[in-house]
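2 protein chains.
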Amino acid sequence: MAENIPIYQQITSYIKEYIETGIYQKGNIIPSEQEFCNQFNTSRMTVRKAIDELVNDGYLYRIQGRGTFVSHWVYRKSLEVLGFSYHMKQLGYTPSSQIISFEINIPQPSIAERLKILPTENVFYLSRVRMADLEPIAIENVYLPEKRFPGLDTYSFEENSLYEILKTKYNAEVVLKQEKIHAVMVAGHDARILFGKEKGVGMRMNGVDFDANMTPVAYADSIYHGTKYIFDVIFR
Amino acid sequence: MAENIPIYQQITSYIKEYIETGIYQKGNIIPSEQEFCNQFNTSRMTVRKAIDELVNDGYLYRIQGRGTFVSHWVYRKSLEVLGFSYHMKQLGYTPSSQIISFEINIPQPSIAERLKILPTENVFYLSRVRMADLEPIAIENVYLPEKRFPGLDTYSFEENSLYEILKTKYNAEVVLKQEKIHAVMVAGHDARILFGKEKGVGMRMNGVDFDANMTPVAYADSIYHGTKYIFDVIFR
DNA sequence: CAGTGGTCTAGACCACGCC
DNA sequence: GCGTGGTCTAGACCACTGG
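Read top to bottom, the protein sequences are chains A and B.
Going by this note's numbering, the letters in the first sequence line up with residues 1 to 236, in that order.
Going by this note's numbering, the letters in the second sequence line up with residues 1 to 236, in that order.
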């Protein structure tokens, strides 16, 4: 029995699994809060905390006086916070990268400011072509503070997920991204890589990644192929 | 005294106001949960519910053992759920619209499906040029089920916010949007409106708006000016 | 009416950060 | 050790939807 996982997390996992396996069907009602209290032998506030979380994440919705229901739309997390590699795998593609450059630099002042470091502190600069099933999908430029990630340059980012390494090796899990997105005309070198010709339409996405303490972890500036990559976003 | 507003909502409003007026500064600690208990003469669970909400919305973050802090970045709600008019006002522009067409149609099957109505049920089709300070920013095409919004065609959408009317007149508040976003080359009629020339780069955004019961309220398909409009999005 | 979710109480013990 | 947030209890009353 001995569980150190909080009860409310056990309940959210339980309900999530039942949704994902289709035991709780889209649009259908799920057991009442009281029933979960009995099943998990816990108090109602604990059950409510579990359900609150799933409502917030968009899995469930409540109607007062009637019950709690499974959301209708196909659930999709904001996959972008989990990085390109994870995202592509979810979509069924094989992600890969081709390193354009990986070096240690003095940052541009605007980038230092976004990373909340001094302009005299070094940053890693990692530039990669991101591919799905060997087709170029995006050009990604990432800047990371050297101080926070000593020895980062000893890893290979051809196959490894940057986010995975930050999380497992440096205990820096990205939980939030603030991004600016707009359409751009891509030309020159970037266009030849992404489109194989001199011009093409792309989407520029640039912003800062934060960890749970709201400390900036990385600044990324990427250009995505306009037609091969479609963002799927949920606004609340 | 007599307040029918829940205590936890009073507390969220209180804290929000203190953040917005700068009394609680970005990155600084706010009073402990116990202090709010005393101040509002309530229990800790109620205070936590209030703070939970603000943490979820990105206003605050907590560090166990230390305290609760105001988020560093400039707070910005997913303004897109509130519609173009509201969004532009927030940014300090004067929004306006020019109606291209407003009619009742049989929907395309794909649109009927997204709105979860029968293909034989009518939809309103509203097409507008959206402007900020009289500059064309986007072309927006919206489809709404006639059954849900009888008499919608009696309103003027030159100045009025569509979302405002849905909310106040039809009790249909949009709380969630699921959108697909990608960059496109705009040409022909649309390009002449947005760019004043034959070609330009734009961002296409199309998706469904849902109310609190997760019932589809509208389907929108819009094209935004690539350089005049920059999406500012927070992913969690 | 009974059953659901919405709000709230007045405590409790634990895990963590800091001094 | 002390104060913070993290989890949890065992009740309570209210507001709403349904039959």
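Just so it is clear, CB atoms sit at the ideal spot from N, CA and C, and this is done for glycine as well.
Notebook entry, point to check: Rounded to a whole number of angstroms, what is the C-alpha to C-alpha distance between leucine 126 of chain B and tyrosine 61 of chain A?
Noted result: Counting from one through the second sequence, the residue named residue 126 of chain B turns up at place 126. Counting from one through the first sequence, the residue named residue 61 of chain A turns up at place 61. Leucine 126 of chain B and tyrosine 61 of chain A: Cα-Cα distance of roughly 29 Å.
Note to self: Considering just the uninterrupted stretch of the alpha helix (DSSP H) at threonine 154 of chain B, what are its terminal residues?
What the structure shows: If you number the second sequence from 1, residue 154 of chain B lands on position 154. If you look at threonine 154 of chain B, you'll find it isn't in any alpha helix (DSSP H); DSSP assigns it neither H nor E.
Next item on the list: Put aspartate 133 of chain A into one of helix, strand or coil per three-state DSSP.
Entry: For this step, residue 133 of chain A is matched to residue 133 along the first sequence. In the structure shown, aspartate 133 of chain A sits in coil (DSSP, three-state: anything other than H, G, I, E or B).
Margin query: Within the continuous beta strand (DSSP E) that includes arginine 62 of chain A, where are the two ends?
Written below: For this step, residue 62 of chain A is matched to residue 62 along the first sequence. Counting along the chain, the beta strand (DSSP E) containing arginine 62 of chain A begins and ends at 60–63.
Check: What are the residues of the stretch 164–189 of chain B that lie near chain A, defined by any Cβ-Cβ distance shorter than 8 Å?
Finding: Here the close residues are Val175, Leu176, Lys177, Gln178, Glu179, Lys180, Ile181, His182, Ala183, Val184 and Met185.
Next item on the list: Verify the CB distance criterion: does valine 142 of chain A have a CB-CB separation below 8 Å to chain B?
Entry: Stepping through the first sequence from its first residue, residue 142 of chain A is reached at position 142. So, not an interface residue.
Checklist line | Environment of alanine 212 of chain B [buried if 16+ CB atoms lie within 10 Å] | finding: In the second sequence, counting from the first residue as 1, residue 212 of chain B sits at position 212. With a threshold of 16 other beta carbon atoms within 10 Å, alanine 212 of chain B falls short and is exposed.
Check: tyrosine 125 of chain A by DSSP, collapsed to three states: which one?
Finding: Residue numbering aside, residue 125 of chain A sits at position 125 when the first sequence is read from its first letter. In the three-state reduction of the DSSP assignment, tyrosine 125 of chain A falls in the strand class, which pools E and B.
Next item on the list: List the DSSP bridge partners of phenylalanine 69 of chain A.
Entry: To locate residue 69 of chain A, count along the first sequence from 1; it is residue 69. In DSSP, phenylalanine 69 of chain A forms a bridge with A/Ile29 and A/Tyr61.
Check: With respect to the beta strand (DSSP E) encompassing glutamate 103 of chain B, which residues constitute its N-terminal and C-terminal limits?
Finding: Taking the second sequence and counting its residues from 1, the one referred to as residue 103 of chain B is at position 103. Run containing glutamate 103 of chain B: 95–105, per the beta strand (DSSP E) assignment.
Notebook entry, point to check: Going by beta carbon distance, what residues of the same chain come within less than 8 Å of methionine 131 of chain A, once the five residues before and after it are set aside?
Noted result: Taking the first sequence and counting its residues from 1, one reaches residue 131 of chain A at position 131. The answer, listed in chain order, is Pro95, Ser96, Ser97, Gln98 and Ile137.
Next item on the list: Give the C-beta separation of serine 71 of chain B and tyrosine 59 of chain B to the nearest angstrom, bearing in mind that I take them to be a contact with Cβ-Cβ under 8 Å.
Entry: The residue labelled residue 71 of chain B in the question sits at position 71 within the second sequence. The residue labelled residue 59 of chain B in the question sits at position 59 within the second sequence. With a Cβ gap of about 6 Å, serine 71 of chain B and tyrosine 59 of chain B count as contacting.
Check: How many angstroms separate the CA atom of arginine 50 of chain B from the CA atom of glutamate 179 of chain A?
Finding: Numbered from 1 along the second sequence, position 50 holds the residue referred to as residue 50 of chain B. Numbered from 1 along the first sequence, position 179 holds the residue referred to as residue 179 of chain A. Here the sequence assigns alanine to residue 50 of chain B, which means arginine is not the residue at that position. Between alanine 50 of chain B and glutamate 179 of chain A, the alpha-carbon positions lie close to 27 Å from each other.
Next item on the list: Would you kindly report the start and end of the unbroken alpha helix (DSSP H) that includes methionine 45 of chain B?
Entry: What you label residue 45 of chain B is simply residue 45 of the second sequence in a count that begins at 1. Under the DSSP assignment, methionine 45 of chain B falls in the alpha helix (DSSP H) whose first and last residues are 44–56.
Checklist line | Boundaries (first-last residue) of the beta strand (DSSP E) holding methionine 205 of chain A | finding: Residue 205 of chain A sits at position 205 when you count from the first residue of the first sequence. For methionine 205 of chain A, the enclosing beta strand (DSSP E) covers residues 199–210.
Checklist line | Segment limits, beta strand (DSSP E) that includes tyrosine 24 of chain B | finding: In the second sequence, residue 24 of chain B corresponds to position 24, counting from 1. Element bounds for tyrosine 24 of chain B: n/a, residue is neither H nor E.
Checklist line | Selection from B/Arg66, B/Arg128, B/Gly27 and B/Glu103 that minimises the alpha carbon distance to serine 85 of chain B | finding: Your numbering for residue 85 of chain B matches position 85 in the second sequence. Ranking B/Arg66, B/Arg128, B/Gly27 and B/Glu103 by Cα distance to serine 85 of chain B puts B/Arg128 first.
Notebook entry, point to check: Looking at tyrosine 18 of chain B and isoleucine 111 of chain B, is the spacing between their C-beta atoms short of 8 Å?
Noted result: Here the question's residue 111 of chain B lines up with position 111 in the second sequence. Here the question's residue 18 of chain B lines up with position 18 in the second sequence. No, Cβ-Cβ distance for isoleucine 111 of chain B and tyrosine 18 of chain B is not below 8 Å.
Item checked: Alpha-carbon spacing of tyrosine 237 of chain A relative to phenylalanine 149 of chain A, whole angstroms -> Any answer about residue 237 of chain A is impossible in this case: the structure gives chain A only from 1 up to 236.
Check: Can you name the residues of chain B whose CB is closer than 8 Å to the CB of tyrosine 229 of chain A?
Finding: Position 229 of the first sequence, counted from the start, is the residue given in the question as residue 229 of chain A. Taking a Cβ-Cβ threshold of 8 Å, the residues of chain B close to tyrosine 229 of chain A are His182, in chain order.
Note to self: On a Cα-Cα basis, can you pick out the residue from A/Pro6, A/Arg66, A/Ile181 and A/Tyr143 that is closest to tyrosine 229 of chain B?
What the structure shows: Translated into the one-based positions of the second sequence, residue 229 of chain B becomes position 229. For tyrosine 229 of chain B, the nearest C-alpha among the options comes from A/Ile181.
Note to self: Whole angstroms are fine: how far does the CA of aspartate 52 of chain B sit from the CA of methionine 45 of chain B?
What the structure shows: On the second sequence, position 45 is the one that residue 45 of chain B refers to. On the second sequence, position 52 is the one that residue 52 of chain B refers to. Distance from the CA atom of methionine 45 of chain B to the CA atom of aspartate 52 of chain B, rounded to whole angstroms, is 10 Å.
Next item on the list: Within the same chain, show all residues whose beta-carbon is closer than 6 Å to that of glutamine 10 of chain A, passing over the 5 residues directly before and after it, in chain order.
Entry: As a working note, residue 10 of chain A is residue 10 in the first sequence. Once the five neighbours on either side are set aside, glutamine 10 of chain A has no close Cβ partner at all.
Notebook entry, point to check: What first and last residue would you give for the beta strand (DSSP E) that runs through glutamine 178 of chain B?
Noted result: Counted from its first residue, the second sequence places residue 178 of chain B at position 178. First-last of the beta strand (DSSP E) with glutamine 178 of chain B: 176–187.
Check: If you check the beta carbons only, do lysine 177 of chain A and phenylalanine 235 of chain B fall under 8 Å apart?
Finding: As a position in the first sequence, residue 177 of chain A is number 177, starting the count at 1. As a position in the second sequence, residue 235 of chain B is number 235, starting the count at 1. Yes; because the gap between Cβ atoms is below 8 Å, this pair is in contact.
Note to self: For asparagine 28 of chain B and glutamine 34 of chain B, what's the separation of their Cα atoms in angstroms?
What the structure shows: Residue numbering aside, residue 28 of chain B sits at position 28 when the second sequence is read from its first letter. Residue numbering aside, residue 34 of chain B sits at position 34 when the second sequence is read from its first letter. Rounded to the nearest whole angstrom, the C-alpha separation of asparagine 28 of chain B and glutamine 34 of chain B is 17 Å.
Next item on the list: Select from A/Leu118, A/Ala183 and A/Ile100 the residue whose C-alpha is nearest the C-alpha of isoleucine 106 of chain A.
Entry: Reading the first sequence from its first residue, position 106 is the one you call residue 106 of chain A. Residue A/Leu118 is the option with its Cα nearest to isoleucine 106 of chain A.
Next item on the list: Give the DSSP bridge partners of asparagine 141 of chain A, in chain order.
Entry: Here residue 141 of chain A refers to the residue found at position 141 of the first sequence. Bridge pairing for asparagine 141 of chain A: A/Ser127 and A/Asp221 [DSSP].
Margin query: Which residues in chain A have a C-beta closer than 8 Å to the C-beta of tyrosine 61 of chain B? List them in chain order.
Written below: Counted from its first residue, the second sequence places residue 61 of chain B at position 61. Against tyrosine 61 of chain B, the close residues of chain A are Ala212, Asn213 and Met214, in the order they occur along the chain (beta-carbon pairs closer than 8 Å).
Notebook entry, point to check: CB-CB under 7 Å to glycine 67 of chain B, same chain, minus the five flanking residues each way: which ones, in chain order?
Noted result: Here residue 67 of chain B refers to the residue found at position 67 of the second sequence. Once the five neighbours on either side are set aside, the close Cβ partners of glycine 67 of chain B are Ile29 and Ser32.
Notebook entry, point to check: Would isoleucine 239 of chain A pass as a contact of aspartate 209 of chain A if the rule is Cβ separation under 8 Å?
Noted result: Residue 239 of chain A cannot be examined here, being either before or after the span of chain A that is shown, 1 to 236.
Check: Smallest Cα separation from histidine 87 of chain A: which of A/Leu162, A/Ile15, A/Asn141 and A/Glu20?
Finding: Counting from 1 along the first sequence, the entry for residue 87 of chain A is found at position 87. When only C-alpha atoms are compared, the closest one is A/Leu162.
Notebook entry, point to check: If you measure from the beta carbon of tyrosine 75 of chain A to each beta carbon in chain B, is any gap under 8 Å?
Noted result: On the first sequence, position 75 is the one that residue 75 of chain A refers to. Note that tyrosine 75 of chain A scores a pLDDT of 45, beneath 50, so its modelled location is shaky; the value from the coordinates is reported in the next line. Interface criterion not met: the Cβ of tyrosine 75 of chain A is under 8 Å from no Cβ in chain B.
Next item on the list: Measure the alpha-carbon distance for lysine 116 of chain A versus glutamate 198 of chain B and round it to whole angstroms.
Entry: Here residue 116 of chain A refers to the residue found at position 116 when the first sequence is read from its first residue. Here residue 198 of chain B refers to the residue found at position 198 when the second sequence is read from its first residue. Using only the alpha carbons, I get a separation of about 43 Å.
Checklist line | Backbone secondary structure at isoleucine 7 of chain B - three-state DSSP | finding: Walking along the second sequence from the start, residue 7 of chain B turns up at place 7. Three-state DSSP puts isoleucine 7 of chain B in a helix.
Note to self: Taking a contact to mean a Cβ-Cβ separation below 8 Å, would you say valine 237 of chain A touches alanine 187 of chain B in this structure?
What the structure shows: In the structure displayed, chain A extends from 1 to 236; residue 237 of chain A sits before or after that span and is not available.
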